[in-house]
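Sequence order for the protein chains is A and B.
First residue of the first sequence? That's 1 in the working numbering, and the numbers climb one at a time after it.
First residue of the second sequence? That's 1001 in the working numbering, and the numbers climb one at a time after it.
Glycine included, every Cβ here is placed at the ideal spot set by N, Cα and C.
Only one structure is covered here, and it is reproduced in the block below.
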Amino acid sequence: MKRSHSSRRTSADRNSARPAGRTRREFLALTAAACAGPVLSRLAAAQSPARVVVVGGGFAGATCARFLRRADARLDVTLVEPNATFTACPFSNDVVAGLRDIRDQRFGYQALGAEGIRVVQVAATGVDPPGRQVQLAGGGTLPYDRLVLAPGIDFRWGAIPGYDEAAAEKMPHAWKAGEQTLLLRRQLEAMPDGGLVVMAVPANPYRCPPGPYERASLIAYYLKTHKPRSKVLVLDAKDTFSKQRLFTDAWAQLYPGLLEWVSLSQGGKVISVDPGTNTVSTDFEQYRAAVANVIPPQRAGRIAELAGVADRTGWCPINPVTFESQLQPNIHVIGDAAIAGAMPKSAFAANAQAKVCAAAVAALLRGAAPADPVLVNTCYSLVAPDYGISVAGVYRPKGGQLTDVEGAGGTSPPQAPPQTRALEARYAEAWFRTITHEVFG
Amino acid sequence: MRWRTALALTGGLVLATGPLLAGAPAPSADPQVLASGCTGCHTSSDTLTTAIPKIRGLPEAAIAAALRAFRAGQRPTTVMDRIARGFTDEEIAQLAAYFSRQK
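The structure is reproduced here in structure tokens:
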């Protein structure tokens, strides 16, 4: 893989170097640098600590920064994150439903700083892969031996005609936690009883596959307990979804008449929205919503495209052992931005990938071969405050992808006593406390 | 032309071997990396207590027996059966040894 990058780089250099008037010696030096990456970084490590820059301070990036230092305390680790606090998405549907305070979703980077990680509170605006530098807002640069990109998602504004950044102020996506979460909460609170809540759900892949259905469930819970003549309508761009049977069984039991799911084949795909009238349109119907929650199609965070690690899908192909980009050497991509095969785009997966990536980066920087990893994911969803369900998976690299270990994983059983659902709801909360403590505590 | 074909083939081969450096066999899993899949739920913190039991510092034999029983569907659980089925005997032994040594 490394070799193929190098040969690609070499021919690109050959094309671009000549017109730029580079001398033969400069050209050779460039070629050598492209071929001898690991050797050079090992030499550098012998003289001064290897420099790893991590861009993005969410579950993936913050975990990776911490575990890099744990893998090798000599590493010079810098975390680039423009926000002073992180607002977590898992459990933000509880905030939407009025069951949780947004302050319980917020985490700072003090513990990372105390462990010797340099936290740079500024946006990364570009990456120069041949020069191995990250460009920062305000003009600074950060050199790296290896770069880890954990940029999460960006929205494809305009993919749904009428839905742009301005429209999101009227019809919140609430798919990045924070002000958007609070906006959706306020709209639900202000809605009179009898109102129609419309949710637009995208096709795969997107952040948190079961998330829209957990949100629909918890909104239905809020309506049932506070505004029982209201209804939540889920307009979906697909026919199947994560934990579908568990959700639909629970909806029939808990929220009859309060929650309706319209699949793609039933005409559920949203084709346009009008924020002026709060109208959501499919091929067959126009819905005037009291509250419209539009979750738009997504892609990897912008810096991935700027660094040249995103492919035509908008996501980032990676090596499943090291999470190194398949498109740019010395750049690793973890979390929602990565194409991680069978692994879903979840906080659990981001955290698991970050630990594997940190160990692999530390190994590569000392010239060792990274071990084949085994990765785990467990995603809990709440259908009601005391009703939890889960999907789990175990993944190994196979054929250049992370694939499901056959026979492992799967969802909670379809038939289970209330005690089991209550226990999974407790475990969901326990997981959130554990993971946020591991990442930020 | 022939060169180009050869280069394309080489590129394809290198890509197909994927992560493995020059075809070397993958080293067996690092126990710490293996265990990192567990600590997302089972905290390794001294100060945190949650509904999910801690496993660090438990006797090695107990951890291994529990994982094997989960895997065989012989021990009641919500999710551990689904997870344990993804691990081999050797990995279960590695995990048990690793967590039992964490104090």
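Could you compute how far the alpha carbon of residue i sits from the alpha carbon of residue j?
i: A/VAL122; j: B/ARG1075; result: 50 Å
i: A/ALA340; j: A/VAL391; result: 17 Å
i: A/GLY276; j: A/ILE160; result: 15 Å
i: A/PRO414; j: A/VAL120; result: 47 Å
i: A/ASN93; j: A/LEU218; result: 7 Å
i: A/GLY131; j: A/ILE153; result: 26 Å
i: A/ARG106; j: A/ALA290; result: 29 Å
i: B/GLY1040; j: A/ASN293; result: 30 Å
i: B/ILE1052; j: B/VAL1079; result: 11 Å
i: A/GLN253; j: B/PRO1031; result: 44 Å
i: A/ALA45; j: A/ALA363; result: For A/ALA45, the pLDDT reaches just 48, beneath the cut-off of 50, and the residue's location in the model is therefore unreliable, leaving the point undetermined.
i: A/LEU327; j: B/ASP1089; result: 36 Å
i: A/CYS357; j: A/ARG207; result: 20 Å
i: A/PHE284; j: A/ALA430; result: 43 Å
i: A/VAL232; j: A/SER281; result: 15 Å
i: A/SER346; j: B/GLN1102; result: 28 Å
On the DSSP bridge assignment, give the partners of residue i in chain order.
i: A/LEU79; result: A/VAL54 and A/VAL119
i: A/PRO143; result: A/GLN133
i: A/LYS398; result: A/GLN401
My output table needs one value for residue i: the three-state DSSP class, helix, strand or coil.
i: A/ARG74; result: coil
i: A/ASP249; result: helix
i: A/ASP154; result: strand
i: B/PHE1099; result: helix
i: B/ARG1075; result: coil
i: A/PHE284; result: coil
i: A/GLU406; result: coil
i: A/GLY268; result: coil
i: A/HIS226; result: helix
i: A/ALA428; result: helix
i: A/ASP104; result: helix
Taking a contact to mean a Cβ-Cβ separation below 8 Å, would you say residue i touches residue j in this structure?
i: A/ARG215; j: A/MET199; result: yes
i: A/TRP157; j: A/GLU165; result: yes
i: A/VAL383; j: A/PHE247; result: yes
i: A/PHE348; j: A/ILE334; result: no
i: A/LEU402; j: A/LEU375; result: yes
i: A/ASN319; j: A/LEU147; result: no
Contact criterion: CB-CB distance below 8 Å. Does residue i meet it with respect to chain A?
i: B/GLU1091; result: yes
i: B/LEU1067; result: no
i: B/ILE1055; result: no
i: B/LEU1048; result: yes
i: B/PHE1087; result: yes
i: B/ILE1083; result: yes
i: B/SER1100; result: no
i: B/ALA1096; result: no
i: B/ILE1063; result: no
For residue i, decide whether its Cβ has a neighbour in chain B, counting only Cβ atoms nearer than 8 Å.
i: A/PHE155; result: no
i: A/HIS332; result: no
i: A/ARG433; result: yes
i: A/PRO373; result: yes
i: A/ARG24; result: Confidence at A/ARG24 is low in this model, with a pLDDT of 38, below 50, so its placement is unreliable and the value that follows should be read with caution. Chain B, which has no Cβ nearer than 8 Å to the Cβ of A/ARG24, makes this no.
i: A/VAL405; result: yes
i: A/TYR287; result: no
i: A/GLY441; result: yes
i: A/VAL394; result: yes
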